[in-house]
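Please read the structure below before turning to the comments.
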Amino acid sequence: MDLVAACAPFTIALALDVALGAQSLSPSVAFVARWGGASKDIASAIAIDARNGVYVAGNTYSADFPITTGHTANGNWCAFATKLSSDSGALVYSTALCTTAMTYGFAAALAPNGELWVAGSTDGKGLPVTEDAAQRTFGGSSSPTGSGDAILVRWSADGRRLRYATYFGGADDERANALLADDDGGVWMAGTARTRGFLAHYDARGRLTSSTFSTSAIVAMSRADRHRIVTSTVDSLEIFDTTTGAVEPILGGGGYRARAIAMTARGRAVVAGERANCPEGHGREDGWLVSRTLWSDVAIDQCVGGSGVDEIHGLAPAKDGSVWITGLTNSRDFPVTTGGPGRQPDYDTQAFIANVDVVTGAIRFARLLGTDSTPRRDISRGYAVAVGADGSIFATGETTGARLLLPTNGAFRQGQIFESTDVYLVKLR
Amino acid sequence: MHAVLGTLLLALSLQTSSMLADGVAALNDGDPARAVTLLERAAAAEPASRLTLLHLANARAANRQPDAASATLKRVLLLNPDDALALWNLGVLPGSEGASYLRRLIELDPRYPQALTALAAIQTMRARMQFTEAKRAANVRAEDQGWIEDTTARAALRRAASSALDESQATSERARAVDATAFEPLVFIGLALRMKAEIADDAEASRRNIAQADQLTAQSMTLRRQQRPPAAPPRLDPNVPPPPLPKPGAPPPPPPK
Chain A
2 MDLVAACAPF TIALALDVAL GAQSLSPSVA FVARWGGASK DIASAIAIDA
52 RNGVYVAGNT YSADFPITTG HTANGNWCAF ATKLSSDSGA LVYSTALCTT
102 AMTYGFAAAL APNGELWVAG STDGKGLPVT EDAAQRTFGG SSSPTGSGDA
152 ILVRWSADGR RLRYATYFGG ADDERANALL ADDDGGVWMA GTARTRGFLA
202 HYDARGRLTS STFSTSAIVA MSRADRHRIV TSTVDSLEIF DTTTGAVEPI
252 LGGGGYRARA IAMTARGRAV VAGERANCPE GHGREDGWLV SRTLWSDVAI
302 DQCVGGSGVD EIHGLAPAKD GSVWITGLTN SRDFPVTTGG PGRQPDYDTQ
352 AFIANVDVVT GAIRFARLLG TDSTPRRDIS RGYAVAVGAD GSIFATGETT
402 GARLLLPTNG AFRQGQIFES TDVYLVKLR
Chain B
11 MHAVLGTLLL ALSLQTSSML ADGVAALNDG DPARAVTLLE RAAAAEPASR
61 LTLLHLANAR AANRQPDAAS ATLKRVLLLN PDDALALWNL GVLPGSEGAS
111 YLRRLIELDP RYPQALTALA AIQTMRARMQ FTEAKRAANV RAEDQGWIED
161 TTARAALRRA ASSALDESQA TSERARAVDA TAFEPLVFIG LALRMKAEIA
211 DDAEASRRNI AQADQLTAQS MTLRRQQRPP AAPPRLDPNV PPPPLPKPGA
261 PPPPPPK
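As you go down the protein sequences, you meet chains A and B in turn. When we follow this note's numbering, the leftmost residue of the first sequence carries the number 2, and every step to the right adds one. When we follow this note's numbering, the leftmost residue of the second sequence carries the number 11, and every step to the right adds one.
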């Protein structure tokens, strides 16, 4: 194959990328759902199926968290999973995993049969491990405030039964930060093992088929192709070959804190988080995003935000090769591209959602989530974003008070009456 | 004539006790809205019944009507200003007056179970709100929790919140002295110390406060693990007062790093 032919796909992709930069977007809110109990309820992860379902996983400290599956919250930290209709935001089910210890869910992935994998941590005995669990006993915790062991659970498609639950950990502290479905119904789970990172694979039957350790905690991961996974530590990027186990560093250097990673439709690895002292930023801490192809150097190293504190927590590839990001900001000059409610945060933090061209770094769309309530005493924070097959965008996070994120008619709505936080899910279309 | 009146009164009394029983049953069945309707009728028929009023207040609280529950409990206090259960319930319902009812309860019975802890919870949350408001006023980001270098801002925060912080810490220490196995007082002391760390005289004093707060967090987590899991709420009995309303909870421990 000659050089021109070999480069053709990349040339076309580049041309499309450049064309993309000129476009602007103006999606509007399709629904806002909001739910929780009297204490803290915080979303961590989001997943979408092809059958009109959107799943939000996270953590609740509310003993009255809305649960429809017969399980009960108990006032400890509990991992929850709520499934809503992706059309209307109506509730399908809401369930929680509570133990006698603190149990957290930080990541989620869908199995092909509609069962939901959730990974996180628990700091004590009491996880209702299943018969087929890869590790049935609690390994331990190195300190009273430590995470204990990582956990991996899978809920049935109706959310009623825990079909799989296992510990993963030894005497030190481990926690899972990321989950990735494989092509065969199993999952890759990555996270923190004391000061190191781990990457483990479970097959569809819950058997631990491999586990490796890295020098730093893994905070996020994404599929590069059928056999390769891109993993992100707080300040570096590596490619893990799932067939050989080889690890190849592709980005490092520090100075930033990565939180999310995605592979775009055009083969770019995009990492996002935050960074102090951005070269072109003007806040004391800016959202930060780096995009590169796996075969060349860094394409963009972009700071996003205003004069205050801005953080990117969630990242999802759009179908057109750009990325959607969500996070939080308290910059009064956050670069929104749209007017209307929620265009400027007060001193308090507000969630944002934005679309970024990963070739030029242009922000094609950005808005804050919420209203211009007065007085401004409510906070919202964006934690995860996903894009549906039809291009709809789903963003989730937490919000306080009753004024900032107002649920829309028909969407799930069960919030606390006292000041705390609720989970929200916003759909843009 | 007397026989007719007696029969009428008996019928009325039976009807009232039936409404009370039905209202309590509705609450047991998880229908607080219906329970409120039935118990309001029972309370209208017997406005001086402590038992009915306490059940009505309980149903209103379960129906997320804290103001209405509070009004009902104040009617119980009109019958007996020293009613400990009414004082407790008024103390733990959301609202601005809770602390005063708990103080009254502690005056009457200094060892009333959990009263000091509940008071510490309210005072700590109030101190935290004052502190947060003062940070907003001083243009300090509410979520930043490090030592505030700006002398003027520190002074403003001290003026606004120091006495509330001292008060909450003192009550928490008393609660800790009464019950050394309770984890909540440690959480509240830790919270107060973290806020004080932000407005400490210098960075070193701030670090000392944080270290102490971290130690208390670890201790509180250890104590929390030793506690029994909460029992399932008992079924309510229309012939006895409902159990006390739950005390305000401690804020959640932070997720693991």
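Idealized CB from N, CA, C, for every residue including glycine.
- With contacts defined by Cβ atoms closer than 8 angstroms, G371 (chain A) and L406 (chain A) form a contacting pair.
- In the displayed model, I364 (chain A) falls within a strand according to three-state DSSP.
- Residue environment analysis places T350 (chain A) among the buried positions, since at least 16 neighbouring C-beta atoms fall within 10 angstroms of its C-beta.
- Nearest in C-alpha terms to L163 (chain A), of all of A:R430, A:P408, A:E132, A:N178, is A:E132.
- Listed in chain order, the positions of the segment 222-236 of chain B with a beta carbon within less than 7 angstroms of a beta carbon of chain A are T227, A228, M231, T232, R235.
- By the Cβ neighbour-count rule, D242 (chain A) is exposed, with fewer than 16 other Cβ atoms within 10 Å of its own.
- Contact holds between the segment 26-45 of chain A and the segment 54-61 of chain A, because three or more Cβ pairs, one in each stretch, are under 8 angstroms apart.
- Taking 8 angstroms as the cut-off, the beta carbon of S86 (chain A) is found closer than this to the beta carbon of N53 (chain A).
- The C-alpha of T104 (chain A) is placed about 10 angstroms away from the C-alpha of R176 (chain A).
- For the segment 129-148 of chain B, the set of positions with a beta-carbon nearer than 7 angstroms to some beta-carbon of chain A reads R146 in chain order.
- The beta carbon of T294 (chain A) sits closer than 7 angstroms to the beta carbons of G268, R269, A300 from its chain, once the five residues preceding and following it are set aside; these are given in chain order.
- Under the Cβ distance rule, R176 (chain A) counts among the residues neighbouring chain B, one pair being separated by less than 8 angstroms.
- Three or more Cβ pairs drawn from the segment 165-174 of chain A and the segment 142-155 of chain A lie within less than 8 angstroms of each other, which places the two stretches in contact.
- Taken in chain order, the members of the segment 124-150 of chain A whose beta-carbon sits within less than 8 angstroms of a beta-carbon on chain B are D124, G125, S144, P145, T146, G147, S148, G149.
- Relative to the Cα of A266 (chain A), the nearest Cα in the group A:A277, A:G392, A:S237 belongs to A:G392.
- Three or more pairs of CB atoms, one per stretch, sit closer than 8 angstroms, so the segment 43-50 of chain A contacts the segment 109-129 of chain A.
- Taking 8 angstroms as the cut-off between beta carbons, the residues of the segment 285-318 of chain A near chain B are G309, V310, in sequence order.
- L316 (chain A) is positioned such that its CB atom lies closer than 8 angstroms to that of I262 (chain A).
- Looking at the backbone, the Cα of S106 (chain B) and that of G200 (chain B) are separated by about 23 angstroms.
- Using a Cβ-Cβ cut-off of 9 angstroms, A179 (chain A) is close to nothing in chain B; its nearest Cβ partner there is about 15 angstroms away.
- Of all C-beta pairs linking the segment 85-94 of chain B to the segment 206-218 of chain B, fewer than three are shorter than 8 angstroms, placing the two stretches out of contact.
- Looking only at A:N331, A:A120, A:A39, the smallest Cα-Cα distance to A403 (chain A) is reached by A:A39.
- Listed along chain B, the residues sitting closer than 9 angstroms to Y105 (chain A) by beta-carbon distance are P265, P266.
- The C-beta separation of V102 (chain B) from P244 (chain B) comes to about 18 angstroms, leaving the pair out of contact by the 8 angstroms criterion.
- Taking 7 angstroms as the cut-off between beta carbons, none of the residues of the segment 183-199 of chain B comes near chain A.
- Considered as a whole, the segment 190-233 of chain B harbours 194-208 as its complete alpha helix (DSSP H) runs of no fewer than 4 residues, in chain order.
- Closest in alpha carbon position to L92 (chain A), among A:G416, A:G411, A:S421, is A:G411.
- Judged by their CB atoms, D311 (chain A) and G284 (chain A) are nearer to each other than the 8 angstroms cut-off.
- Counting only residues of its own chain and dropping the five nearest sequence neighbours on each side, V231 (chain A) has a CB closer than 7 angstroms to the CB of M222, S223, A225, L238, I240, I262, M264, A270.
- With distances taken between CA atoms, V291 (chain A) lies nearest to A:A363 out of A:D184, A:F335, A:A363.
- Within chain A, no C-beta atom comes nearer than 7 angstroms to that of G156 (chain B); the closest sits roughly 12 angstroms away.
- Secondary structure at R161 (chain A): coil, using DSSP grouped into helix, strand and coil.
- With respect to D287 (chain A), G306 (chain A) sits close: the two C-beta atoms are nearer than 8 angstroms.
- The three-state secondary structure of F335 (chain A), taken from DSSP, is coil.
- Distance check between L369 (chain A) and each of A:R258, A:T61, A:R333 places A:R333 closest, using alpha-carbon atoms only.
- Taking the Cβ atoms as the reference, A78 (chain B) lies roughly 15 angstroms from T62 (chain B), outside the contact range of under 8 angstroms.
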